[in-house]
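Protein chains: 2
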Amino acid sequence: MTLKMYDLAGAEPQRRFSPYCWRTRLALAHKGLAVETIPWRFVDKAAIAPSSQGRVPVLVDGDRWIADSWTIAVHLEEAYPDRPSLFGGGGPALSRFCSACADDLVVRITPFVLRDILDRLDEGDRDYFRASREKRLGATLEDVVADREAKAPAFRAGLAPFRATLRDQPFFGGERPMYADYALFGPFQWARCISPFQILAADDPVAAWRDRMLDLFGGLARSAPGYDLPAAG
Amino acid sequence: MTLKMYDLAGAEPQRRFSPYCWRTRLALAHKGLAVETIPWRFVDKAAIAPSSQGRVPVLVDGDRWIADSWTIAVHLEEAYPDRPSLFGGGGPALSRFCSACADDLVVRITPFVLRDILDRLDEGDRDYFRASREKRLGATLEDVVADREAKAPAFRAGLAPFRATLRDQPFFGGERPMYADYALFGPFQWARCISPFQILAADDPVAAWRDRMLDLFGGLARSAPGYDLPAAG
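If you read the sequences in order, they're chains A and B. The first sequence lines up with residues 1 to 233 when you count with our numbering. The second sequence lines up with residues 234 to 466 when you count with our numbering.
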């Protein structure tokens, strides 16, 4: 039976940009599991009500509705133990900090891309998005991204632990990508899919890793509509 | 044959405060390996010359001189495979990012404790320490730590990934500590041993984890002279 996943979409159904959904999408590919992704908008709370909460990703695996990207990853590892491991032989614990750092990376990328998201959203999501984000952040979307060029050097300098790791190994998981990579890649893919702003310098080793990530699974992430691709919705 | 480790010391030989040496010290304890620690000062470059570089920790294992805390950890795992694993079943790769984040944590704690180190150093190290650090940072030790009370809230907020991880599990390694814990604990132990400044709020879950770390191996880290203990050198 094919798994189903509710996946945040923009105005065009195929523009999938959630950093959390991308983790799950790549984790499913790592496990070699086929998935039917269902485009979902912020206001479609009813569609995912069986998950008892209001955010995506939501994975439907048989009669189980599972929310939260980390919970989904742990579920996939437990439910499909014969498939390639997402966490390596040591279990999920060591990947938990990488997942938390990836959440933090979403926060750190927000001041560069937040306003651009609005232009890519479905009409019905725009008021919700602006109101919910401005309330959460205590600032207008426009103020959040003000002076982003000036803020970029500090953001890039803050990626020192990424560069140090990637100096020793091609992926955070080692010679091959693991869940740590999918988690940490999510925020970069988010930015790529909804903003023209280049958060990484072209010669940054982190950009080279992002490129390797875009190539995985037959170019799964690369084939996703990025900001520059023409809208086709 | 007992291992030997060159371990940064202050004016009192038993004041051991290097964040990098603490990683190694705890990694050795995790492996159940006895070690003779040799107090070392910044200017004692000759003593560790066989390691072909000028920093500690340096581990002497038989006729091998090994520098760099990460390299030492990988060596211990390879040389003593029958002892408890530092990295879990998946090998060292997933711990590499934690080690890099720990290096970054030293940078982030520096603005709170750097000047205090000077007062705890051996007389012969003080000029070297001031000159080398002021050159590296482009500021006086005093300027580096200016307004540290005002900077503390932002530092503490930046520990969000630590708190998120520790909400799910008692250690970064999971139910039990692993090398990721020793790496990330090092900077906090550094601060504890050389500065009266309290970088963590008492009710922070990160402080509770630090407490658990201080208890490990019969209180190995807790027994180290902290800032408040009377000097006995």
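Idealized CB from N, CA, C, for every residue including glycine.
Beta strand (DSSP E) segment containing residue i, residue limits
i, result
"PRO272 (chain B)", "268-273"
"ARG115 (chain A)", "First-last for ARG115 (chain A): 93-120, but that is the alpha helix (DSSP H), not the beta strand (DSSP E)."
"VAL234 (chain A)", "There is no way to answer for residue 234 (chain A), as the model of chain A reaches only from 1 to 233."
For residue i, three-class secondary structure by DSSP
i, result
"TYR128 (chain A)", "helix"
"PHE418 (chain B)", "helix"
"ILE66 (chain A)", "strand"
"ARG249 (chain B)", "strand"
"PHE320 (chain B)", "coil"
"PHE197 (chain A)", "coil"
"ARG222 (chain A)", "coil"
The alpha helix (DSSP H) enclosing residue i, as first and last residue numbers
i, result
"LEU8 (chain A)", "No alpha helix (DSSP H) holds LEU8 (chain A); the beta strand (DSSP E) holding it covers 3-8."
"LEU178 (chain A)", "In the sequence as presented, Leu is not what sits at residue 178 (chain A); that position holds Met. First-last for MET178 (chain A): undefined, no H or E at that position."
"THR398 (chain B)", "393-401"
"LYS151 (chain A)", "148-157"
"LEU214 (chain A)", "205-219"
"ASP277 (chain B)", "From DSSP, ASP277 (chain B) is part of no alpha helix (DSSP H); its letter is neither H nor E."
"VAL378 (chain B)", "From DSSP, VAL378 (chain B) is part of no alpha helix (DSSP H); its letter is neither H nor E."
Any chain C beta carbon closer than 8 Å to residue i
i, result
"MET446 (chain B)", "As a matter of chain content, chain C is missing from the structure shown, whose protein chains are A and B."
Identity of the residue in the options nearest residue i by Cα
i, options, result
"GLU175 (chain A)", "A:LEU141, A:MET213, A:ARG133", "A:MET213"
"ASP116 (chain A)", "A:GLN53, A:THR140, A:TRP209", "A:THR140"
"ALA267 (chain B)", "B:LEU347, B:GLY287, B:ARG316", "B:ARG316"
"ILE72 (chain A)", "A:ALA183, A:ALA49, A:GLY226", "A:ALA183"
"THR24 (chain A)", "A:TRP209, A:GLN189, A:ILE194", "A:GLN189"
"GLU142 (chain A)", "A:PHE172, A:PRO111, A:LEU26", "A:PRO111"
"GLN247 (chain B)", "B:MET234, B:LEU236, B:LYS264, B:GLU269", "B:GLU269"
"SER328 (chain B)", "A:GLN169, A:SER51, A:LYS45, A:ALA46", "A:GLN169"
"PHE129 (chain A)", "A:PHE87, A:PRO92, A:ASP103, A:ARG55", "A:ARG55"
"LEU26 (chain A)", "A:PRO161, A:LEU220, A:TYR227, A:GLY226", "A:LEU220"
"ALA280 (chain B)", "B:ARG249, B:ALA441, B:ALA364, B:MET238", "B:MET238"
"PHE250 (chain B)", "B:ARG425, B:ILE432, B:ALA441", "B:ARG425"
"ALA152 (chain A)", "A:LEU200, A:LEU3, A:TRP65", "A:LEU200"
"ASP277 (chain B)", "B:ARG341, B:ARG400, B:GLY459, B:GLU356", "B:GLU356"
"PRO225 (chain A)", "A:PRO50, A:LEU3, A:TRP22", "A:TRP22"
"GLN431 (chain B)", "B:ALA335, B:PHE330, B:VAL346, B:VAL307", "B:VAL346"
"ALA335 (chain B)", "B:MET234, B:PRO394, B:SER456", "B:PRO394"
"LEU28 (chain A)", "A:VAL74, A:PHE97, A:ILE109, A:ALA49", "A:VAL74"
"ILE194 (chain A)", "A:CYS98, A:ALA100, A:ARG167, A:TYR227", "A:TYR227"
"ALA208 (chain A)", "A:LEU166, A:ALA93, A:LEU137", "A:LEU166"
Cβ-Cβ separation, residue j to residue i (assumed contact under 8 Å), whole Å
i, j, result
"LEU121 (chain A)", "PRO177 (chain A)", "Contact doesn't hold; Cβ gap of about 30 Å is too wide."
"GLU77 (chain A)", "SER69 (chain A)", "The Cβ separation is near 13 Å, so there is no contact."
"LYS31 (chain A)", "TYR80 (chain A)", "5 Å"
"PRO420 (chain B)", "PRO252 (chain B)", "5 Å"
"GLY323 (chain B)", "GLY89 (chain A)", "4 Å"
"ALA397 (chain B)", "GLY406 (chain B)", "Contact flag wrong, Cβ pair sits at about 16 Å."
"PHE404 (chain B)", "ARG443 (chain B)", "Wrong, their Cβ atoms sit about 11 Å apart, outside the cutoff."
"ARG126 (chain A)", "LEU118 (chain A)", "6 Å"
At least 3 beta-carbon pairs within less than 8 Å: the region 33-52 of chain A vs the region 4-21 of chain A
Result yes; three or more Cβ-Cβ pairs closer than 8 Å.
I'd like to know if the region 277-296 of chain B and the region 363-381 of chain B are in contact, where contact means that at least 3 CB-CB pairs between them fall below 8 Å.
No contact exists between the region 277-296 of chain B and the region 363-381 of chain B.
Is the number of C-beta pairs between the region 384-403 of chain B and the region 427-439 of chain B that are closer than 8 Å three or more?
Yes: the two stretches touch, three or more of their Cβ pairs being nearer than 8 Å.
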